[in-house]
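Read top to bottom, the protein sequences are chains V and P.
Counting in numbering that gives the first Met the number 0, the first sequence runs from 0 upward without gaps.
Counting in numbering that gives the first Met the number 0, the second sequence runs from 0 upward without gaps.
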Amino acid sequence: MLVIGGGMAACWAAIAAARTGAAVVLVDKGFVGTSGVTATGGPNHWWVPPDPVARREAIDRRMATAFGLADPEWMARIIDVTWRLLPQLADHYPFATDGKGGTFYSGVRGPEYLRALRAFATASGARILDHHPALELLVHRDGSVAGAAGYARLHRRAWMARAGAVILATGGCAFRSGLIGSHTNSGDGYLMAAEAGAILSGMEFSTAYSLSPAWNSTRTLPYFAARFFDAEGRELDIPPPMTGTPHLQALAAAMLAGPVHADLADAPQLLKTILRDIQPASLTPFERRGVRLFEERFEVKLFGEGTIRGTGGLRIVDEHCQTDVRGLFAAGDAATRELIAGATSGGGAQNSAWALTSGHNAGEGAARLARSIGRRAQDPARGTGQAGLRPASAVRAVDGQAVLRTVQAQTIAYDKALWRSEASLVASRACLDDAWRELSHHHHADGLDQVGARELAAMTATARWCIAAALARDESRGMHIRTDRPDMSLDKAFRLLTGGLETVWTRPETPAAQSRDTSIAA
Amino acid sequence: MIAHIFADRCIGCEACVAACPTHVLDPGADGVPVIARLNQCQTCFMCELYCEADAIYVASDQRHPEWIDPDTLAASGELGSLRRGYRWTRENSQPGSLDQFWRLGPLLREGAEIAARRYRDRHPGQPDV
Ligand SMILES: Cc1cc2nc3c(=O)[nH]c(=O)nc-3n(C[C@H](O)[C@H](O)[C@H](O)COP(=O)(O)OP(=O)(O)OC[C@H]3O[C@@H](n4cnc5c(N)ncnc54)[C@H](O)[C@@H]3O)c2cc1C
Ligand code: SF4
Ligand code: SF4
Chain V
0 MLVIGGGMAA
10 CWAAIAAART
20 GAAVVLVDKG
30 FVGTSGVTAT
40 GGPNHWWVPP
50 DPVARREAID
60 RRMATAFGLA
70 DPEWMARIID
80 VTWRLLPQLA
90 DHYPFATDGK
100 GGTFYSGVRG
110 PEYLRALRAF
120 ATASGARILD
130 HHPALELLVH
140 RDGSVAGAAG
150 YARLHRRAWM
160 ARAGAVILAT
170 GGCAFRSGLI
180 GSHTNSGDGY
190 LMAAEAGAIL
200 SGMEFSTAYS
210 LSPAWNSTRT
220 LPYFAARFFD
230 AEGRELDIPP
240 PMTGTPHLQA
250 LAAAMLAGPV
260 HADLADAPQL
270 LKTILRDIQP
280 ASLTPFERRG
290 VRLFEERFEV
300 KLFGEGTIRG
310 TGGLRIVDEH
320 CQTDVRGLFA
330 AGDAATRELI
340 AGATSGGGAQ
350 NSAWALTSGH
360 NAGEGAARLA
370 RSIGRRAQDP
380 ARGTGQAGLR
390 PASAVRAVDG
400 QAVLRTVQAQ
410 TIAYDKALWR
420 SEASLVASRA
430 CLDDAWRELS
440 HHHHADGLDQ
450 VGARELAAMT
460 ATARWCIAAA
470 LARDESRGMH
480 IRTDRPDMSL
490 DKAFRLLTGG
500 LETVWTRPET
510 PAAQSRDTSI
520 AA
Chain P
0 MIAHIFADRC
10 IGCEACVAAC
20 PTHVLDPGAD
30 GVPVIARLNQ
40 CQTCFMCELY
50 CEADAIYVAS
60 DQRHPEWIDP
70 DTLAASGELG
80 SLRRGYRWTR
90 ENSQPGSLDQ
100 FWRLGPLLRE
110 GAEIAARRYR
120 DRHPGQPDV
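Structure representation (structure tokens):
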């Protein structure tokens, strides 16, 4: 079986599958160890001891901020699997003290985490192919997934893999905002899956941001106590970080008006002395620019996180994280995280527990399925990739930079994301439909250029699903804020599905739709 | 963005070519990798972290390339500073290098509380945030 992706979800999937004895190949666009947002960050996992009361309380607390869209059973599952599996990395990761005489497991540092996961996956028998981006999925005549095809960038040749099951762990999409580690995360998995017939869910929840120095996106630990100032040195009245949307809106409004500077003099004293031991890379951008982090003011910016710390992604239909396409599984940020976070970001604890668990469950489920049906290598299969690979009309040059600017202006631009309204969303939809038509009809690339062409198509498709869902959810809920519908509607506590390429559609997920159902509604 | 590869330090292992997640580097004819697709550089410092010879310098601005003077830089002692920070150098890669890591969560919460308290002091009448 085949795992596509190379972050934590992909690795946990490959480990789980290989440990069942399955033959596992993992293909990553970049390098397993450095690519994706796990590697450059380093997540804190949701970590609750196996005490029934503590676990119920943790779930209740998180359900309260999920705005009716999460599933307590899934929450219980990810807490449990994370608790059992993460310590198994101890042969490869230098878990250290928790400061209380025990071992600290829940938080890991990115480069060491991915280095350990790579070693664990390899030791478990998985075969890792770096710099092998997938470009499209292959499907059988019966619609089930048959494998994938892609391009080996270092060898400059095409690759093709037939597999009994495929796991997409391609991460989320931050629309090339510059967010730390997110350059490889262009929503490729969403596009490939949709072309094969999969459905997405929760794409309206795609408006997360993280604060960083304007010249380099870093982890956010140093900035929590920051005071903010405008260009004239007047202090800005910014609600504190834990207020979520009001904090972001106040910062974004100030940034739309002019440069905003942060002052970290108030930061915890201990942080000032030990930041390097915790996150060395958070200091580097300051030292190399000659800025004294805790003593001098510096310009800050909000970097769009799209679906990475949003919650939208591929809809899954069972506890092994199968998508609406038979044999195709989704894990980590490639999958919807509404099940464990609802309408509020799961960054900070839930998302990584989800990436670990969904990876693990998908790995086991996919291995079982692949074993039962075999590789079917002789059955006919066809490539499903369209935009950038098989244009619908005559090929002509497309200005990729212009398309990307359009996509960014409709998705991560502060005004569009944090103050949504019907009028602005309708306008965004029109721009993006034009961009999509241009790409899907005329864009074509060969060789290495196919990678960039598909990334652009994926970001554009992802943007269209985000905007369509934001338009269809005509209320405000969690991180999705509609200025023209400021309240939450009692009758809209459902997950919203979206999909389609030529024509984008949306519809509520009804209980009936939760069983396998790929019919298309308006 | 990646600014310079020091040919005099490079041992031609190509670890950086493999490690760069965004395919910025190509193997070089003379063994020293070439910066072939700078526009794809995400300034993640990973090539530097994976270069055991401390032969790479990534400048901090991710928005545009920066010019650096290799000689000044080589003399500054800054080469390899990121690896030393991570304790990925051979001398200090022993276990225990993450002994402070558990403090991340508590320090983050402390920072958030400092901001919340300051806001409350400034807005005494408002509901709790
Ligand atoms: C700054 C930051 C801090 C965070 N902190 C926390 C935290 O403390 N706690 C928490 O729970 N969550 C946190 N999150 C979220 C968490 O990091 C993610 O949910 C998690 O890392 C997702 O893992 P993943 O494997 O799905 O994605 P990633 O690690 O992003 O991996 C995606 C992989 O897919 C590969 N890929 C993409 N396209 C293709 C393709 N076409 N072919 C092949 N491979 C492809 C990429 O190369 C990459 O290797 C944070 C996120 C950010 C950005
Ligand atoms: S990793 Fe360092 S030593 Fe190895 S090829 Fe790259 S620059 Fe040269
Ligand atoms: S900084 Fe990151 S993206 Fe840039 S060359 Fe180095 S590894 Fe590649």
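Glycine included, each C-beta is placed from N, C-alpha and C at the ideal position.
Can you have a look at residue i and say buried or exposed, based on whether 16 or more other CB atoms are within 10 angstroms of its CB?
i	result
residue 9 of chain V	buried
residue 284 of chain V	buried
residue 503 of chain V	buried
residue 121 of chain P	exposed
residue 245 of chain V	exposed
residue 372 of chain V	exposed
residue 18 of chain P	buried
residue 231 of chain V	exposed
residue 482 of chain V	exposed
residue 215 of chain V	buried
residue 66 of chain P	exposed
residue 489 of chain V	exposed
residue 105 of chain P	exposed
residue 34 of chain P	buried
residue 257 of chain V	exposed
residue 241 of chain V	exposed
residue 154 of chain V	exposed
residue 512 of chain V	Unreliable placement is indicated for residue 512 of chain V, whose pLDDT of 46 sits below 50; the coordinate value is still reported in the next sentence. Looking at its Cβ environment, which holds 16 or more other Cβ atoms inside 10 Å, residue 512 of chain V is buried.
residue 392 of chain V	exposed
What residue range does the alpha helix (DSSP H) around residue i cover?
i	result
residue 402 of chain V	399 to 410
residue 504 of chain V	First-last for residue 504 of chain V: 504 to 507, but that is the beta strand (DSSP E), not the alpha helix (DSSP H).
residue 481 of chain V	First-last for residue 481 of chain V: undefined, no H or E at that position.
residue 353 of chain V	349 to 372
residue 277 of chain V	268 to 277
residue 394 of chain V	It is not in any alpha helix (DSSP H) - residue 394 of chain V carries neither H nor E in the DSSP assignment.
residue 16 of chain P	14 to 18
residue 333 of chain V	From DSSP, residue 333 of chain V is part of no alpha helix (DSSP H); its letter is neither H nor E.
Going by the C-beta, is residue i closer than 6 Å to any heavy atom of ligand 3?
i	result
residue 137 of chain P	The structure shown has nothing for residue 137 of chain P, since chain P only spans 0 to 128.
residue 41 of chain P	yes
residue 21 of chain P	yes
residue 57 of chain P	yes
Does the distance from the C-beta atom of residue i to that of residue j stay below 7 Å?
i	j	result
residue 326 of chain V	residue 164 of chain V	yes
residue 81 of chain V	residue 352 of chain V	yes
residue 386 of chain V	residue 439 of chain V	yes
residue 5 of chain V	residue 108 of chain V	no
residue 16 of chain P	residue 24 of chain P	yes
residue 212 of chain V	residue 299 of chain V	yes
residue 210 of chain V	residue 222 of chain V	yes
residue 431 of chain V	residue 449 of chain V	no
residue 2 of chain V	residue 25 of chain V	yes
residue 462 of chain V	residue 397 of chain V	no
residue 103 of chain P	residue 93 of chain V	no
residue 266 of chain V	residue 124 of chain P	no
Quick one: is the Cβ of residue i within less than 6 Å of any heavy atom of ligand 2?
i	result
residue 304 of chain V	no
residue 1 of chain P	no
residue 14 of chain P	yes
residue 480 of chain V	no
residue 73 of chain P	no
I need the boundaries of the beta strand (DSSP E) containing residue i, first residue and last residue.
i	result
residue 498 of chain V	495 to 498
residue 211 of chain V	207 to 212
residue 150 of chain V	144 to 151
Under 6 Å from any heavy atom of ligand 5, does the C-beta of residue i make it?
i	result
residue 32 of chain P	As far as ligands go, the structure on display features ligand 1, ligand 2 and ligand 3 and does not contain ligand 5.
Please confirm whether any heavy atom of ligand 1 lies closer than 6 Å to the CB of residue i.
i	result
residue 324 of chain V	no
residue 166 of chain V	no
residue 448 of chain V	no
residue 80 of chain V	no
residue 7 of chain V	yes
residue 33 of chain V	no
(message) With a threshold of 8 Å, are at least 3 pairs of Cβ atoms found where one atom belongs to the segment 130 to 150 of chain V and the other to the segment 18 to 33 of chain V?
(response) yes
(request) Mind the definition here: the segment 319 to 337 of chain V touches the segment 167 to 185 of chain V only if three or more C-beta pairs lie below 8 Å; say whether that holds. (result) yes
(request) Would you be able to state if there are at least three C-beta pairs under 8 Å between the segment 62 to 75 of chain P and the segment 269 to 277 of chain V? (result) no
(message) Under 8 Å: do the segment 295 to 313 of chain V and the segment 140 to 147 of chain V share three or more Cβ pairs, one atom per stretch?
(response) Counting Cβ pairs under 8 Å, fewer than three are found: no touch.
(request) Taking 8 Å as the threshold, find out whether the segment 234 to 253 of chain V comes into contact with the segment 409 to 423 of chain V through three or more Cβ pairs. (result) yes
(message) Does the contact criterion of 3 or more C-beta pairs under 8 Å hold for the segment 10 to 29 of chain P versus the segment 175 to 183 of chain V?
(response) yes
(request) Would you check if the segment 341 to 351 of chain V and the segment 67 to 74 of chain V touch, i.e. whether three or more CB-CB distances between them fall below 8 Å? (result) yes
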